[in-house]
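J.: Going down the list, the protein sequences come from chains A and B. To convert, note that position 49 of the first sequence is 49 in my numbering; the numbers rise steadily by one, no gaps. To convert, note that position 406 of the second sequence is 1406 in my numbering; the numbers rise steadily by one, no gaps.
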Amino acid sequence: MATEHVSHIKPYSPQFGVMIPLGFQKFLRTCVIYQLFRFIAINIRMTVLILKSHH
Amino acid sequence: MAKIVIMGGGVSGHTAASFLNKWLGKEHEVIVVTPNSQWNWIPSNIWVGVGEMSKEDVVFPLAPVYEKVGIDYRQAKAISIHPEGKQDDDAPYITIEYTNQEKAGQKDEITYDYLINATGPKLNFDATPGLGNGQGQMGEHTVSVCTADHAIHANHELEKCIEKMKAGERQKFLIGTGHGMCTCQGAAFEYIFNIEHKLKERDVRDMADITYISNESFLGDFGMGGIHFNMGGYATSSKVFAESLYTERGMDWIIGAHVNKVEAGKAHYELLDGSTGEQEFDFAMLIPPFAGVGLKVYAKDGSDITDTIIAPNGFMKVDADYTAKPYEEWRASDWPKTLQNQTYKNMFAIGIAFAPPHLISKPMQSPNGTAINPTPPRTGMPSAMMGKAVAQSIVDMIKGAEEPTHTASMSEMGAACVASAGKGLFSGTAAAMTVYPIVPDFEKYPGVGRDMNGTSGELGLAAHWVKHILHHLFLWKAKLKPGWTLIPE
Ligand SMILES: Cc1cc2nc3c(=O)[nH]c(=O)nc-3n(C[C@H](O)[C@H](O)[C@H](O)COP(=O)(O)OP(=O)(O)OC[C@H]3O[C@@H](n4cnc5c(N)ncnc54)[C@H](O)[C@@H]3O)c2cc1C
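Shown next, in the form of structure tokens:
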């Protein structure tokens, strides 16, 4: 149930106005196949960043 | 033959020394003066602080590494700089005091042709009463993860809390910054997630109240005025990103806080709105503010010229624009490029040791006049890049270049930050953030000041794997093992 991810939030608390990940987002974070693709993406991103930063 | 002296063998100084030694060969002399016998990969202290790594995993002895490559290593701390030499000798020199057992307390002088100041921060615990012990060290009420030994102590205290929770006693955790002028929020950010992960792993999370306290004016400022990430096709503020992470984990936050006093089990603070408060804790890790290490500078006649070379915060002035001006007039071009001191051109300052021209975050103060704003972070990647760029410039200057040939401005370079939460290969996740440039350039990137193609943030296992790999790669590189030059800074 998606509500389990938000059940600890109190109405009108500072946490009430915040973006909270639900089940599918959380699943993706530890889904090895999806994360393998993300791993490649992060490495590419960091390589580009390093290349841009050297002067 | 040129003689290059590097004060400080941490991230930036060790990088500069290693490249200088490689590029200059045996013809020239590279000397490193640094007080600790062991090199510490500081980012992994976080894992030591939750018992996931031992001290041995994050440190290694420097002497054999320097001996292997022919760098002259002095286990000592630099005390003073004499850029004009002395009355009867024009050769610039520094004075040092040995810290190794055999020579402890002995003083010496080392002349130089080029000097690099890479002395990093003094952990200024005493800036907050009760955070320090009044003698420059950490006090007894809180813990820290700034050194490997501090992190071991932190884990020890954490274990005590876990035992109490297992015995049914609720515990309060307070993690964050211990003063209104702290930097390094990233370390506190990473540590709080590791604590939370650890408590879950040990089945005591429901017995813990975890609170983050910080001098940032909003969660996710990070001393960089916040970051807008390209996330899912939205330019998303790091405030949204950070608040989401804390909320998901049921952690509270106190923001815009200057911790002004720490007692046993209690931190007192003032907020940006001028109100005051207290937060009780059973376990507190509060990052101290950073200052320069207290180097003195003397002219040829022995007069003290520290004020002309060193800024009031103790960091060394370089080619930045230090003119005092309001936030609205700050420019990316204020930030130093070559890291060269403008009075003595054979002197450079890199990493945390250089004096920033101003904050990156908007300056703020409470109605009582208390400054509450993060000071600029100078993290590992830019520190190492500065080390390499200055090494390249010095090599070229030795070969005849009039001016430094390489630049490493924080307004023209990016940073990658990977903040872990747990260490297991399939259980831990991490936040991977890239930001370009570190100092926002509102002229080049109007609106959010950053290139939306180079600025991103995401959470997951992949970032965690990156963090693992970086730990091993950077230690490999620092040990100057085969292929170390192929590993980027
Ligand atoms: C807990 C923690 C976690 C962090 N995590 C990350 C991270 O994940 N990613 C990241 O990019 N950055 C991280 N950082 C920041 C990173 O560690 C620093 O940016 C980096 O170490 C700065 O390099 P530096 O060379 O300026 O200073 P340091 O690495 O601190 O080196 C300074 C050196 O100078 C020596 N020294 C001090 N006084 C003297 C003296 N008088 N004479 C000679 N030598 C002296 C010191 O002993 C030290 O060896 C973290 C910092 C902390 C505290």
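Backbone N, C-alpha and C define an ideal beta-carbon position, used for all residues, glycine too. As the structure is a computational prediction, the values presented were derived from the model and not from experiment.
Does the distance between the C-beta of residue 1436 of chain B and the nearest non-hydrogen atom of ligand 3 fall short of 8 angstroms?
T.: What this structure holds is ligand 1, not ligand 3.
J.: With H, G and I counted as helix, E and B as strand and the rest as coil, what does DSSP make of residue 1290 of chain B?
T.: Here residue 1290 of chain B refers to the residue found at position 290 of the second sequence. DSSP places residue 1290 of chain B in strand when its eight states are reduced to three.
J.: So, residue 1125 of chain B versus residue 1106 of chain B, is the Cβ gap smaller than 9 angstroms?
T.: In the second sequence, counting from the first residue as 1, residue 1125 of chain B sits at position 125. In the second sequence, counting from the first residue as 1, residue 1106 of chain B sits at position 106. For residue 1125 of chain B and residue 1106 of chain B, no; Cβs fall outside 9 angstroms.
J.: With a threshold of 8 angstroms (Cβ to nearest heavy atom), would residue 9 of chain A be considered close to ligand 1?
T.: In the first sequence, counting from the first residue as 1, residue 9 of chain A sits at position 9. Not so, every heavy atom of ligand 1 lies at least 8 angstroms from the Cβ.
J.: According to DSSP, simplified to helix, strand and coil, what is residue 1161 of chain B?
T.: Looking up residue 1161 of chain B in the second sequence gives position 161. Correct three-state label for residue 1161 of chain B: helix.
J.: Taking residue 1277 of chain B as part of the alpha helix (DSSP H), name the residues at either end of that continuous run.
T.: Walking along the second sequence from the start, residue 1277 of chain B turns up at place 277. Not the alpha helix (DSSP H): residue 1277 of chain B falls in the beta strand (DSSP E), residues 1276-1280.
J.: If residue 1390 of chain B and residue 1350 of chain B are in contact, beta carbons under 8 angstroms, what's the gap, nearest whole angstrom?
T.: Within the second sequence, numbered from 1, the residue matching residue 1390 of chain B stands at position 390. Within the second sequence, numbered from 1, the residue matching residue 1350 of chain B stands at position 350. That belief holds up - the Cβ atoms of residue 1390 of chain B and residue 1350 of chain B are roughly 5 angstroms apart, short of 8 angstroms.
J.: Please tell me whether residue 1058 of chain B and residue 1197 of chain B are closer than 9 angstroms, where the distance is taken between their beta carbons.
T.: On the second sequence, position 58 is the one that residue 1058 of chain B refers to. On the second sequence, position 197 is the one that residue 1197 of chain B refers to. Contact flag unset, no.
J.: Within the segment 1290-1371 of chain B, note down every full alpha helix (DSSP H) run reaching 4 residues or more, in order along the chain.
T.: Here the runs fully enclosed are 1306-1309.
J.: How would you call residue 1135 of chain B, buried or exposed, if buried means at least 16 neighbouring beta carbons within 10 angstroms?
T.: In the second sequence, the residue the question calls residue 1135 of chain B occupies position 135. Its Cβ having fewer than 16 others within 10 Å, residue 1135 of chain B is exposed.
J.: From the DSSP secondary-structure annotation, give me the bridge partner or partners of residue 1116 of chain B.
T.: Position 116 of the second sequence, counted from the first residue, corresponds to residue 1116 of chain B. The partner list for residue 1116 of chain B (beta bridge, DSSP) reads B:1006, B:1348.
J.: So if I threshold CB-CB distances at 9 angstroms, which residues from the segment 1412-1430 of chain B count as touching chain A?
T.: Those would be 1412, 1413, 1414, 1415, 1416, 1418, 1426, 1427, 1429, in chain order.
J.: Around the C-beta of residue 1373 of chain B, are 16 or more other C-beta atoms found within 10 angstroms, so that it is buried, or is it exposed?
T.: Start at 1 with the first residue of the second sequence, and residue 1373 of chain B comes out as number 373. Result: buried.
J.: What does the alpha-carbon distance come out to for the pair residue 1488 of chain B and residue 1118 of chain B?
T.: In the second sequence, the residue the question calls residue 1488 of chain B occupies position 488. In the second sequence, the residue the question calls residue 1118 of chain B occupies position 118. Taking the straight line joining both Cα atoms gives about 19 angstroms.
J.: Under 8 angstroms, CB to CB, which of the residues in the segment 1452-1464 of chain B have a partner in chain A?
T.: Residues passing the 8 angstroms Cβ filter: 1454, 1456, 1458, 1459, 1460, 1461, 1462, 1463.
J.: Apart from the five residues on each side of it in sequence, which residues of its chain come closer than 6 angstroms, Cβ to Cβ, to residue 1470 of chain B?
T.: Mapped onto the second sequence, residue 1470 of chain B falls at position 470. Nothing meets the Cβ criterion.
J.: Are the segment 1093-1108 of chain B and the segment 1217-1236 of chain B touching, with three or more C-beta to C-beta distances below 8 angstroms?
T.: Counting Cβ pairs under 8 angstroms, fewer than three are found: no touch.
J.: Residues of chain B with CB under 7 angstroms from residue 53 of chain A, in chain order?
T.: To locate residue 53 of chain A, count along the first sequence from 1; it is residue 53. Correct list: 1385, 1413, 1414.
J.: So which residues of chain A does residue 1244 of chain B contact, with C-beta pairs closer than 9 angstroms?
T.: Sequence index remark: in the second sequence, residue 1244 of chain B carries index 244 (1-based). In chain order: 18, 19, 20, 21.
J.: Measuring alpha carbon to alpha carbon, tell me which of B:1247, B:1308, B:1453, B:1480 ends up nearest residue 1342 of chain B.
T.: Sequence index remark: in the second sequence, residue 1342 of chain B carries index 342 (1-based). Residue 1342 of chain B has its Cα closest to that of B:1308, out of B:1247, B:1308, B:1453, B:1480.
J.: For residue 1362 of chain B and residue 1002 of chain B, I'd like the C-alpha separation in whole angstroms.
T.: Numbered from 1 along the second sequence, position 362 holds the residue referred to as residue 1362 of chain B. Numbered from 1 along the second sequence, position 2 holds the residue referred to as residue 1002 of chain B. Cα-Cα distance, rounded: 43 angstroms.
J.: Given that a residue counts as buried once 16 or more other Cβ atoms are within 10 Å of its Cβ, and exposed if not, what is residue 1087 of chain B?
T.: The residue you call residue 1087 of chain B lines up with position 87 of the second sequence. It counts as exposed.
J.: Hey, quick one: how far does the beta strand (DSSP E) through residue 1174 of chain B stretch, first residue to last?
T.: For the purposes of this step, residue 1174 of chain B is identified with residue 174 of the second sequence, where counting begins at 1. Here the beta strand (DSSP E) through residue 1174 of chain B covers 1171-1177.
J.: Name the chain A residues whose beta carbon is nearer than 7 angstroms to that of residue 1436 of chain B?
T.: Here residue 1436 of chain B corresponds to residue number 436 of the second sequence, with the count starting at 1. Neighbours of residue 1436 of chain B on chain A, chain order: 49, 52.
J.: Going by beta carbon distance, what residues of the same chain come within less than 7 angstroms of residue 1381 of chain B, once the five residues before and after it are set aside?
T.: On the second sequence, residue 1381 of chain B is found 381 positions in, with the first residue counted as 1. The residues are 1415, 1416, 1489.
J.: State the DSSP-derived secondary structure class of residue 1155 of chain B, mapped to helix, strand or coil.
T.: Sequence index remark: in the second sequence, residue 1155 of chain B carries index 155 (1-based). It is helical.
J.: Please confirm if the segment 1322-1340 of chain B is in contact with the segment 1356-1370 of chain B, defined as three or more CB-CB distances below 8 angstroms between the two stretches.
T.: Yes, the segment 1322-1340 of chain B touches the segment 1356-1370 of chain B.
J.: Mind the definition here: the segment 1383-1399 of chain B touches the segment 1138-1154 of chain B only if three or more C-beta pairs lie below 8 angstroms; say whether that holds.
T.: Cβ pair count under 8 angstroms is below three, so no.
J.: For a test of your reading of the model: does the CB of residue 1119 of chain B fall under 8 angstroms from any non-hydrogen atom of ligand 1? Yes or no.
T.: For the purposes of this step, residue 1119 of chain B is taken as residue 119 along the second sequence, with counting starting at 1. Yes, Cβ of residue 1119 of chain B sits closer than 8 angstroms to a heavy atom of ligand 1.
J.: Give me the residue from B:1192, B:1009, B:1023, B:1213 with the minimum Cα distance to residue 1399 of chain B.
T.: Taking the second sequence and counting its residues from 1, the one referred to as residue 1399 of chain B is at position 399. That would be B:1023, whose Cα lies nearest to the Cα of residue 1399 of chain B.
J.: Could you check the C-alpha separation between residue 1027 of chain B and residue 1291 of chain B for me, to the nearest Å?
T.: By 1-based counting over the second sequence, the position of residue 1027 of chain B is 27. By 1-based counting over the second sequence, the position of residue 1291 of chain B is 291. Using only the alpha carbons, I get a separation of about 36 angstroms.
J.: By DSSP's criteria, residue 1255 of chain B is part of a beta bridge. Which residues make up the other side?
T.: Counted from its first residue, the second sequence places residue 1255 of chain B at position 255. In the DSSP output, where bridge partners are listed per residue, residue 1255 of chain B has B:1214.
J.: Residue 42 of chain A versus chain B: which residues are under 7 angstroms apart at the beta carbon?
T.: Your numbering for residue 42 of chain A matches position 42 in the first sequence. In chain order: 1432, 1462, 1463, 1466.
J.: According to DSSP, simplified to helix, strand and coil, what is residue 1478 of chain B?
T.: As a first step, residue 1478 of chain B must be located in the second sequence, where it is residue number 478. If DSSP states are grouped into helix, strand and coil, residue 1478 of chain B belongs with the helices.
J.: Identify which residue in B:1209, B:1036, B:1131, B:1189 has its Cα closest to the Cα of residue 1148 of chain B.
T.: Start at 1 with the first residue of the second sequence, and residue 1148 of chain B comes out as number 148. The residue with the shortest Cα to Cα distance from residue 1148 of chain B is B:1036.
J.: Anything in chain B within Cβ reach of residue 30 of chain A, meaning under 9 angstroms, just list it in chain order.
T.: Taking the first sequence and counting its residues from 1, one reaches residue 30 of chain A at position 30. Ordered by position in chain B, the residues that pass the 9 angstroms Cβ test against residue 30 of chain A are 1426, 1427, 1429, 1460, 1461.
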